[in-house]
Structure formats: structure tokens, C-alpha cells
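Following: one structure in C-alpha cells, then a few remarks.
Protein chains in written order, with the numbering used here: chain A, 2 to 428; chain B, 2 to 428.
Laid out in C-alpha cells, this is it:
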């Protein structure tokens, strides 16, 4: 028989198994079902969920196998696993197992990536599989592709963003309504914008995990979440917004990472940002990310940060990427060290039981660290036993500020612990 | 001899030839030279430019061949041609020739793509080559990758943007300075923001060509530039900004394309947008693009729209994409038809020689087309022989508005032709 050039085999659709059928998993399934033009490239074959009977949806084609045993999925050897169960375990074990059997994995799980991205990326490379995660940061914002591919030609120097929708909802609402943190958080819970325990959102773990993923993409470096300083937005009060407004600023939960010599400065927490900046103007649960490159300057992305449909779009985009391509660059994230921030201005807010000499003593403590005052702001009409006032200081090293604050905190006149926020004027 | 599994061959760097060494070409070369970590993937081998002796740059490695004969580049058979000469010819001929000999092409040339993308994409597919053009729209904004890959999972319904930096510079400056169009255009020329003949920018051809490219990416459909209605920003006056501000809006050159049944509505020209919207807040030469998807809602991208370094980043990103991957989806843009816009509100500005009965006659003409007035705005202190006033109308079909305006234009009281701008409140 003659040796014939084989005809090109029409590509088969990728067989997709869903690990998890919560909001995001259901959105992925819905997009696959509602967009018939995708059927030649992607076919949903299995859905795993605990207690799966209660999840079964009529609109999913009857060919799909529903199961509450993850083993069934591994035995079926799908081409791709979509991991949307969240949390580090059992997700990590299942993703490792999928990659080890050579299947691709698409995940929306920032906590998994923040904990284990380097190992999982290495495992994928060893087994010729791909690990994709456009959905893990800023659901509806096509950040990962934009940064990894569209800005690959640049040398990125800094990434800063609003990465947690709940915190942004709370702070942007406080910024316009003069409500207290407690009352806004409670309203956010009632509206479904915040969970019963909002700690991961307001204390910075959620944004921190996303920052780990973004830093991996932007710099191919792995920052450990535990090494990234995270500060809660809980101490922010209505008075802080009034004082911030007085100097043309508002307050947002900012996540940022920037190149500093051989290391990186990284930070998650409340910061003052100019009212007119893209961060200051960002309201509701939207995400915004700004990247600063050596050549291209500043680029920004914004959109819905979370929600089933937006995150489902990101998962399906990754699935289509797998269906179209044979390789994805095989990236690896090398370890990176966290270093101190550059000198920068700060907003210091004190709440004191008023008595003579307080300002003089604070100013003296700052002066001993070589820190120059920029302005002292005090609004009228606060009670004398819990009087808030604000000092802004010129750019200074963080360790000097912390030393001064340590000395200042020993004063007996404080009604609340002092609050120091970075003043990010360049974002 | 035993049949051994061959060792993987270390990939050779792609040999890159530059067609053109203007601002963008020089930026591409500079990034390749300044980022030594790219050397294992990309190697600049040839630079073509007319009158090349005057272009030769000392910082380019001596191994690079400089020539003013394009034939030398084709004879050298590089892996990729970077086309940054601009204009339709001779670029089209050279890009076709490069693709035909199986080389990939990276281009920043929106006019070339607007004129010939379908043929060039087909030619690339036939010869197993790729045509990439991240740099052709919004230089520093990673739109193409973000839309094509990051939002591939969505069903996009609408794309709207500020795509021309010169027009945005002119309009955003008029919006804050109360200057006339003529004086701002002249200042923009002095500052290098506008060319001696700014027609392509202010009359909409530049933004229109970029819109053709964006529509191709977002919808895989080819709109002909000649079919896209383009309107100049030249008639916009300082009075228009004052009136717009009175209704919470400002004026920007907007390019938009949206799905309407089986066809597309497309438009380039000045429009009223809310002061607080991402378009209204966009100042200077920055670009902003907003995409609306069926599932993910709204996503926005912004950044430097042009300039050598930002555009150079986009070109190098495309080069890296070629170096990393074997396939790019092989897309094709099918022809598409342009249909009328949805009913929408309009801003109508008249400049008249004042006399009794003008408003009544205009209102009657609008009423005959079933168009409802929303508001009549007239500021004091204008001369009676060139009195501007504004009527805003409720959402109406464009053809009815045009009929009414035709009747109104026949009035003998006009000191200037009436101006109608769409009022885009949803952007």
C-alpha cells in the first residue's frame, strides 16, 4: 500500500468535565449550552457536585453524566477539567491528579493558585498539560490574556488594582453616604454583596490571593500570600472619608505590587487615592487593574470582578484557547522576595480625648524620625472625648513612620488606635 | 542503528525583518535590543527603509543588515516581517508577498487592515502563515488579545470606544478651556498632537479604520470602511460644550459598532456622553474601549492609543506570540451589512438670526415626524444675528430625525447649518 499523506483529521470537540456546579459552574454550562456555535469545539460530558441530585438542571443536555463521585470523572479521562469548587483542598489534590493524567485544567480558584501555582504549573509542564486561570482574577476583566500576551512586549514595573468587589462596594458606598462601616457591611450582607463572614474580603486575603496570581502573570515571579502585608478596611470611618475629601481623595482597598531592585514591594489594604483617578472613580463591585510598563506607560482594565456569568465567560474563554491551540508557553514562576515600599506620603488619623499638648507631642515624635508634616486637618463639631483629626506627612520611609507611630501610640490620650494609610497619588 | 526518540531541538529565535524604521519601527528595534531576555526568541536581522543611510542607528547590533531595497528582505526569507510603513500601498503588496512565501507578518497598519483584512487573512491561512495586528488599534491597549482570547467565551453585542487620540485631545481640551476648535487644532499642531492636515483624525477615517479592525476581532465580520457613517468633529463649538455641560454631558469622538438583528449599526463621530462616564472622563490622547457582552456585561480597556513605544510594545507582544505558539485560530471575517441605529435621543444645536416663530417652526417639523422634545436650552449673552440654542429630543429613529432636519434646514433663518449629535447615555 502506498504511503499517502494523511488527510487532516477534523478536530474533535474537547470533552469538558465540570468539578463543581455552583454559580460559576452553572454559568459555564449555560454558556456552552446557549452558544451552539461552540459545540464543534467544546462538549460538556460530566458534572461533579456533592449531593448532585439536588443540582441537576433540566436545560443541560441529557448526554451529560451527573455524579457525586469525583473518581467517575477521572475514570472518564476528559480532555479538560474545569475546577470551580474553590478552596485549597480537595481542589489541589484533584487538579494535581487531572494534570498528572495529562488533562488540561481550567480553574477559577485564586486561593488554590496563591497556595500552589508554582507546583501546579511545573506538574502541568511535566505532563504536557495546560493550567489556565483567566477566571481567577477579575472574572469579567480579560486581564490574564491582556497582560500575558498583549503586554508581553513590555517590561512591566508595577501592577495596582481594586481586586475585591465587596470591599469596593463598602468603601465606595461609605464615600457617598456618610454611613458607618458597620451599617454598610450589614446592608451589603442583606443585598448579597458580602458574605456572613466578610473577613476574606475586607481583611485582604481575597485581594491578596488575586495579587499573587497577577504578580505571577506580570513578572513570572511567585510571591507568597503570607509575605504580602495585608491590612483590613474595618478601621475606616465616615470621618476618614470627610478628611480624605478635604484633600481631594477618597479611600479604596488597593492591591499593588511593584518592582524594587531585585525584590518586590507588595501591599493590600485601604489607601487614599485621588477622587478623580480611575481607582477613586471606581464604584460598586467593579474591579479595575492598572499596569505600568517601561515602554507603554499605563494601561487599565476594568469590568465586573466576579459573579457567575462574568466568571463563566472567563472559563469558557480559556476552554476555547485550549481548543484552538497546541501550546501556551509553559510558564514557571520563580520565587521572589518582598521588600519595603518606596518612601511615600501618608495619611495619619488620630481619635483622641482632647487635652493640651497632643499635637505638639505627635509632631515631636514624627520630627525625631525626620518626618515632615504636610498638613493638619481638624473638622469642627466632634465630641471632645473622641475627637478625630488628621495629619498628612511628606514622603517618608515606612520603617521610620512605624517607629514614630509606636512612640505616639504609647500616649494615654488615644480614644482609638492611630490609623495610617498610604497616600497613593500616582495611581 | 536503533530508532531513538529524537531529543527536542532547542527552538531557534525567530528572524525578524523590519519593513520601516520610523517612530514605531525604531521603538520595536529598541525594545528588542534593550530586553536581552528576548534574544533567545527574537532576533532582528534586517531593516528596510527608504533612504536608509540617514536612518541607521548606532545602538542597533552590527549584525543587522540595513537596506533600501525591499527585495533584499524577501530574498533573506526571515521568519517574520514587521510592517510599519503605514498606508495601503506599497504595504499591501509587500505583506501579500511575505505571507505568500510563508512568513508571518506583524503589522501596525490599520488602513491596510481596513482595506484588505479578509484577503490577507485568507492568504495567510492558505500559506500556513499568521497575520497579527495588536498594534493596529490602541497601541498601548492590549485590546486584540483581550477581546479575541479573554472574551472569546462571551457573545459580544457592542463595542464602543475613543480610538483617535488627536480628536480626543482636541475635544477634551475644548471641554475644559472654552477655546474654539480652530485655536485648539492649531495648538495641537504646534505640540505635535495633530498633523499639518488633521483630516484623517478629526473627520473620522482613522477611528473608522480601527473600528473595522475591532469589529473583525469582536464579531469575525468585515465592515467596509466606506459603509461606516463618519462625521467630522469640526463643527463642534465652545457653545456646544457649554450646552452639553448643562445636561451633565460632554462631547467626544466616539466609534461604535453594535449587533442589530442580522446586521450591524456602526458610527464614528462626535457624540454627547455623560461627564462621569469612562468616555466623558477620558482626557488627552488616551484611548478607551468598552465592550458589552451578553454574559459578562461591560469590560473596559484604556491606555496610550499611539506613540512609538506603546505601539512598539504591541508589535513585540505579537512577535512573542509567534515565538511561543504554533497556531492562532486561523480566523476569517465574513462580510457584514450596516443597518440603521436603534432609536436614541439626540442633541440638536441651531445657530440662527433671531426672529419670532423659529422655535415654533422647528418644533412643528419635529412633531410631524413624531419626535418628542425633551428640553430647549438657550444661554444668554449671544449676539442676535448668530444665536445658538439647543433642543434635545427623546429617543427617535434616525431617518425620522433626518427628515425633520431636512425640512428645518430649508428655513432662511440659519446662520450655520444645524448640528445633530447622538446622545449616548448608556456608554
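We put the CB at the ideal spot given by N, CA and C, even for glycine.
Could you list which residues in chain B have their beta carbon closer than 7 Å to that of residue 146 of chain A, in chain order?
Taking the first residue of the first chain as 1, we reach residue 146 of chain A at position 145. Simply 146, 147, 150 and 151.
Which runs of the beta strand (DSSP E) at least 3 residues long sit entirely within the segment 65–141 of chain A? Give them in chain order.
List check, beta strand (DSSP E) in window: 66–68, 81–84 and 105–108.
Find out if the Cβ-Cβ distance for the pair residue 253 of chain B, residue 267 of chain B is shorter than 8 Å.
The sequence position of residue 253 of chain B within the second chain is 252, counting from 1. The sequence position of residue 267 of chain B within the second chain is 266, counting from 1. No, these two residues do not count as a Cβ contact at 8 Å.
What number of angstroms, rounded off, separates the C-alpha of residue 372 of chain B from the C-alpha of residue 397 of chain B?
In the second chain, the residue the question calls residue 372 of chain B occupies position 371. In the second chain, the residue the question calls residue 397 of chain B occupies position 396. Going from the Cα of residue 372 of chain B to the Cα of residue 397 of chain B covers about 6 Å.
Report the partner residues of residue 335 of chain A according to the DSSP bridge assignment.
Reading the first chain from its first residue, position 334 is the one you call residue 335 of chain A. In DSSP, residue 335 of chain A forms a bridge with A:222.
Measure from the alpha carbon of residue 486 of chain B to the alpha carbon of each residue in B:29, B:19 and B:361, then state which is nearest.
Nothing in the structure corresponds to residue 486 of chain B, since chain B is present only between 2 and 428.
Residue-chain proximity (residue 330 of chain A, chain B), Cβ-Cβ < 8 Å
Position 329 of the first chain, counting from 1, holds the residue named residue 330 of chain A. Legend: pLDDT at residue 330 of chain A = 49, less than 50; position of this residue unreliable, value from coordinates given subsequently. True, the Cβ-Cβ gap to chain B drops below 8 Å.
Below 8 Å, how does it come out for the segment 337–355 of chain B and the segment 202–209 of chain B: are there three or more Cβ pairs, yes or no?
With the cut-off at 8 Å, the segment 337–355 of chain B and the segment 202–209 of chain B do not touch.
Residues of its chain near residue 386 of chain A, where Cβ-Cβ distance is below 8 Å and the 5 sequence neighbours each way are ignored
Translated into positions along the first chain, residue 386 of chain A becomes position 385. When the five nearest sequence neighbours on each side are left out, the beta carbons in the same chain lying within less than 8 Å of the beta carbon of residue 386 of chain A are those of 354, 355 and 416, in order along the chain.
Chain B contact residues for residue 316 of chain A, given Cβ-Cβ distances below 8 Å
What you label residue 316 of chain A is simply residue 315 of the first chain in a count that begins at 1. Taking a Cβ-Cβ cut-off of 8 Å, the neighbours of residue 316 of chain A in chain B comprise 154, given in sequence order.
Measuring straight from C-alpha to C-alpha, what distance separates residue 177 of chain A and residue 232 of chain A?
The count along the first chain starts at 1 and reaches residue 177 of chain A at position 176. The count along the first chain starts at 1 and reaches residue 232 of chain A at position 231. Looking at the two C-alpha atoms, the distance is approximately 22 Å.
Answer with yes or no whether the minimum CB distance from residue 96 of chain A to chain B is below 8 Å.
Numbered from its first residue, the first chain carries residue 96 of chain A at position 95. False, the Cβ-Cβ gap to chain B never drops below 8 Å.
Check the Cβ-Cβ distances between residue 303 of chain B and every residue of chain A, and say whether any is below 8 Å.
Within the second chain, residue 303 of chain B is the residue found at index 302, counting from 1. Yes, residue 303 of chain B lies at the interface with chain A (some Cβ there is under 8 Å from its Cβ).
In whole angstroms, what separates the C-alpha of residue 26 of chain B from that of residue 16 of chain B?
Residue 26 of chain B sits at position 25 when you count from the first residue of the second chain. Residue 16 of chain B sits at position 15 when you count from the first residue of the second chain. Each residue's Cα considered, the two are about 15 Å apart.
Return the first residue and the last residue of the alpha helix (DSSP H) that residue 167 of chain A is part of.
Mapped onto the first chain, residue 167 of chain A falls at position 166. For residue 167 of chain A, the enclosing alpha helix (DSSP H) covers residues 166–178.
Could you tell me the alpha carbon to alpha carbon distance between residue 94 of chain A and residue 88 of chain A, rounded to whole angstroms?
Reading the first chain from its first residue, position 93 is the one you call residue 94 of chain A. Reading the first chain from its first residue, position 87 is the one you call residue 88 of chain A. Taking the straight line joining both Cα atoms gives about 11 Å.
Residue 6 of chain A by DSSP, collapsed to three states: which one?
Reading the first chain from its first residue, position 5 is the one you call residue 6 of chain A. Model confidence at residue 6 of chain A stands at a pLDDT of 45, short of 50, so the residue's coordinates are unreliable and nothing is read from them.
According to a CB-to-CB cut-off of less than 7 Å, which residues of the segment 36–53 of chain B neighbour chain A?
Under the 7 Å Cβ criterion, the segment 36–53 of chain B contributes 36.
So is residue 285 of chain A buried or exposed if we call it buried at 16+ other beta carbons inside 10 Å?
Start at 1 with the first residue of the first chain, and residue 285 of chain A comes out as number 284. That one is exposed.
Same chain, Cβ closer than 6 Å to residue 315 of chain B, five either side skipped, listed in chain order
Reading the second chain from its first residue, position 314 is the one you call residue 315 of chain B. These residues qualify, in order along the chain: 135, 136 and 140.
Name the one or two DSSP bridge partners that residue 351 of chain B has.
Locating residue 351 of chain B in the second chain gives position 350, counting from the first residue. Partner(s): B:390.
If the cut is a Cβ gap below 7 Å, which residues of chain A does residue 431 of chain B touch?
In this structure chain B extends from 2 to 428, so residue 431 of chain B is not present and cannot be described.
At least three beta-carbon pairs within less than 8 Å, the segment 166–185 of chain B to the segment 182–190 of chain A
The answer is no - the segment 182–190 of chain A does not touch the segment 166–185 of chain B, with fewer than three Cβ pairs under 8 Å.
State the Cα-Cα distance for the pair residue 204 of chain A and residue 219 of chain B, rounded to the nearest angstrom.
Taking the first residue of the first chain as 1, we reach residue 204 of chain A at position 203. Taking the first residue of the second chain as 1, we reach residue 219 of chain B at position 218. Rounded to the nearest angstrom, the two C-alpha atoms are 38 Å apart.
If contacts are defined as beta-carbon pairs under 8 Å, then residue 301 of chain A and residue 303 of chain B qualify, I think. What distance do you get, rounded to the angstrom?
For this step, residue 301 of chain A is matched to residue 300 along the first chain. For this step, residue 303 of chain B is matched to residue 302 along the second chain. Between residue 303 of chain B and residue 301 of chain A the Cβ distance is about 5 Å, and since that is below 8 Å, they are a contact.
Using C-beta distances below 6 Å, list every residue in its chain close to residue 160 of chain A, excluding the 5 sequence neighbours before and after it, in chain order.
Numbered from 1 along the first chain, position 159 holds the residue referred to as residue 160 of chain A. If you ignore the 5 residues before and after residue 160 of chain A, its C-beta comes within less than 6 Å of the C-beta of 215, 219, 258 and 292, all in its own chain and listed in chain order.
Between which two residues does the alpha helix (DSSP H) carrying residue 360 of chain A extend?
As a position in the first chain, residue 360 of chain A is number 359, starting the count at 1. Residue 360 of chain A -> alpha helix (DSSP H) spans 359–369.
Got a sec, what are the start and stop residues for the beta strand (DSSP E) residue 242 of chain A sits in?
As a working note, residue 242 of chain A is residue 241 in the first chain. For residue 242 of chain A, there is no enclosing beta strand (DSSP E); the residue is part of the alpha helix (DSSP H) that begins and ends at 239–247.
Which residues does DSSP pair with residue 159 of chain B in a beta bridge?
Working through the second chain from its first residue, we reach residue 159 of chain B at position 158. According to DSSP, which records beta bridges pairwise, residue 159 of chain B is partnered with B:259 and B:293.
Residue 107 of chain A and residue 133 of chain A: beta carbons closer than 8 Å?
By one-based count along the first chain, residue 107 of chain A stands at place 106. By one-based count along the first chain, residue 133 of chain A stands at place 132. Against a cut-off of 8 Å, the Cβ pair of residue 133 of chain A and residue 107 of chain A comes out as a contact.
Hey, could you find the ends of the beta strand (DSSP E) residue 375 of chain A is sitting in?
For the purposes of this step, residue 375 of chain A is taken as the residue at position 374 of the first chain. From DSSP, the beta strand (DSSP E) with residue 375 of chain A extends over 374–378.
Tell me whether residue 150 of chain B sits in a helix, a strand or coil according to DSSP, three-state version.
Translated into the one-based positions of the second chain, residue 150 of chain B becomes position 149. Reduced to three states, the DSSP call for residue 150 of chain B is helix.
Could you name the residues of chain A that residue 311 of chain B contacts, counting a contact when the two beta carbons are closer than 8 Å?
Working through the second chain from its first residue, we reach residue 311 of chain B at position 310. Per Cβ cutoff of 8 Å: 296, 297 and 298.
So, is residue 111 of chain B buried or exposed, given that buried needs 16 or more other C-beta atoms within 10 angstroms?
Position 110 of the second chain, counted from the start, is the residue given in the question as residue 111 of chain B. Buried.
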